[in-house]
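Numbering-wise (this note's numbering), the sequence shown opens with residue 84 and increments by one.
Cβ coordinates follow ideal geometry from the N, Cα and C atoms, glycine included.
Small disclaimer: the values here were computed from a predicted structure and weren't measured.
In what follows, a structure is listed as structure tokens, so that the remarks can point back to it.
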Amino acid sequence: MKKMFCKPASGIAQETGIKPTNPATKKKPKTKKPASDQSTSGITGSFFALEPRIMFDGAAVATGAEVLQDTTTQDQTEIPGIDGETSTDATSTDSSDSEALWSSGLSLSAPSDRKEIVFIDTRVEDYQTLMEGIDSNAEVILLDSTRDGVEQIAEALNGRTDIDAIHLISHGTEGVLNLGTSALTTDTMMGEYADELSLIKQALSGEADLLIYGCNFAQGDGGQAAVQLLSELTGADVAASTDDTGAQELGGDWELEWQTGSIETTLVVNAATQEEWNSLLAETWRDAATGAIISG
Numbered sequence: 084m085k086k087m088f089c090k091p092a093s094g095i096a097q098e099t100g101i102k103p104t105n106p107a108t109k110k111k112p113k114t115k116k117p118a119s120d121q122s123t124s125g126i127t128g129s130f131f132a133l134e135p136r137i138m139f140d141g142a143a144v145a146t147g148a149e150v151l152q153d154t155t156t157q158d159q160t161e162i163p164g165i166d167g168e169t170s171t172d173a174t175s176t177d178s179s180d181s182e183a184l185w186s187s188g189l190s191l192s193a194p195s196d197r198k199e200i201v202f203i204d205t206r207v208e209d210y211q212t213l214m215e216g217i218d219s220n221a222e223v224i225l226l227d228s229t230r231d232g233v234e235q236i237a238e239a240l241n242g243r244t245d246i247d248a249i250h251l252i253s254h255g256t257e258g259v260l261n262l263g264t265s266a267l268t269t270d271t272m273m274g275e276y277a278d279e280l281s282l283i284k285q286a287l288s289g290e291a292d293l294l295i296y297g298c299n300f301a302q303g304d305g306g307q308a309a310v311q312l313l314s315e316l317t318g319a320d321v322a323a324s325t326d327d328t329g330a331q332e333l334g335g336d337w338e339l340e341w342q343t344g345s346i347e348t349t350l351v352v353n354a355a356t357q358e359e360w361n362s363l364l365a366e367t368w369r370d371a372a373t374g375a376i377i378s379g
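Written as structure tokens, this is what we have:
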């Protein structure tokens, strides 16, 4: 089975119990805390059905319902914005074609007074189900699993401004967030991705939040250092998980327990989808001897 991935700086940690409000209500102004102010939080949320526009390179071509009705039957070569074709006839039954379609830069969006963007790594198991449960006011961009994910995010945000929140849904582990073929760590943040993070910072509002859903990203000293550094380099308040994110029966939950600053953005995946999605955003592999799926 193909392996899937989910597995310094100082700050003051303290216990909190933040329960963000529903994004359908207007977000109240907040006073941005210093990036060094870290605490744990229990971020949860409940939202409504996805009814966005579908865009390729900014051109609306279909409704969200039409595309999400059966993502396994889309033919990439027949969607507007891909190789100049204009037909939307969904005839292919090859799931690999579907993955190629979704990872080609598809963006879902809907009008809102808030600007929130959700980046989903297409290596995430059954990511289509997660998409169906995403707040309709958020824009969704799928990351090509065969390309550098950090670079894709920077490309998508290049030239944009005043983004209120970014959600990163991918596999993680302590201090490591896997995005496409890249890994975001303290070392790569200070090295090869310094320019990309600077560009991302320029796209964010002065009070932006960055929510990281990957399992265990904020776990331990290494994870908390990674969260703190990411906050400093992007200027955003960051929330991340200290344990497994995902299905409760697999040992996961949907709380982002660790944060820097003041997080007022709610989870972008609604409660019903949290219950339906049966996987974890953790590093997983198949035991060669027993065939069992192991995460950690």
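Count the other C-beta atoms from every protein chain shown that fall within 10 angstroms of the C-beta of residue i, then say buried if there are 16 or more, exposed otherwise.
i	result
Tyr296	buried
Asp209	exposed
Glu199	buried
Thr256	buried
Met273	exposed
Asn241	exposed
Thr349	buried
Asp172	Note on Asp172: pLDDT 46, under 50, position unreliable in the model; no value is reported.
Val352	buried
Which residue marks the beginning of the beta strand (DSSP E) containing residue i, and which one marks its end?
i	result
Leu339	Looking at the DSSP string, Leu339 is not in any beta strand (DSSP E), and its letter there is neither H nor E.
Glu215	Segment 210-215 is the alpha helix (DSSP H) holding Glu215; no beta strand (DSSP E) there.
Glu199	199-204
Ala248	246-252
Glu222	222-226
Ala323	320-323
Leu333	Run containing Leu333: none; DSSP gives neither H nor E here.
Asn261	259-262
In terms of alpha-carbon separation, which member of the options lies closest to residue i?
i	options	result
Leu313	Gly263, Glu359, Tyr276, Leu213	Tyr276
Ala308	Gly255, Thr268, Ile200, Ala286	Thr268
Leu213	Asn241, Thr328, Glu347	Thr328
Ala355	Ala330, Ala291, Thr348	Ala330
Lys284	Ala237, Glu215, Thr271	Ala237
Asp196	Asn241, Ile246, Asp204, Glu315	Ile246
Gly335	Glu315, Glu359, Ala239	Glu359
Leu316	Leu333, Ala286, Ser281	Ser281
Gly289	Gln211, Thr244, Gly258, His254	Thr244
Gly306	Glu222, Asn353, Gly258, Asp270	Gly258
Ile224	Asn261, Asp270, Ala239	Ala239
Would you mind giving the Cβ-Cβ distance between residue i and residue j, rounded to the nearest angstrom? I have them listed as a contact below 8 Å.
i	j	result
Val207	Ile252	6 Å
Thr399	Gln357	Here the chain comprises residues numbered 84 to 379, so residue 399 is not present and cannot be evaluated.
Phe202	His250	7 Å
Asp204	Gly263	6 Å
Glu234	Glu279	6 Å
Ala286	Ala248	Wrong, their Cβ atoms sit about 12 Å apart, outside the cutoff.
Could you spell out the range, first to last residue, of the alpha helix (DSSP H) harbouring residue i?
i	result
Val233	232-240
Ala277	277-286
Asp304	303-317
Asp270	269-273
Ala355	354-359
Is the Cβ of residue i closer than 7 Å to any Cβ of chain B?
i	result
Glu222	In summary, chain B is missing from the structure at hand, where a single protein chain is found.
Within the chosen definition, does the stretch 295-313 reach the stretch 347-367 through at least 3 CB pairs nearer than 8 Å?
They touch, by the three-pair rule.
Segment contact flag, the stretch 215-233 with the stretch 328-342, C-beta cutoff 8 Å, min 3 pairs:
In this structure the stretch 215-233 does not lie against the stretch 328-342, because fewer than three pairs of beta carbons, one per stretch, are closer than 8 Å.
Report yes or no: do three or more beta-carbon pairs, one from the stretch 310-325 and one from the stretch 343-351, lie closer than 8 Å?
They touch, by the three-pair rule.
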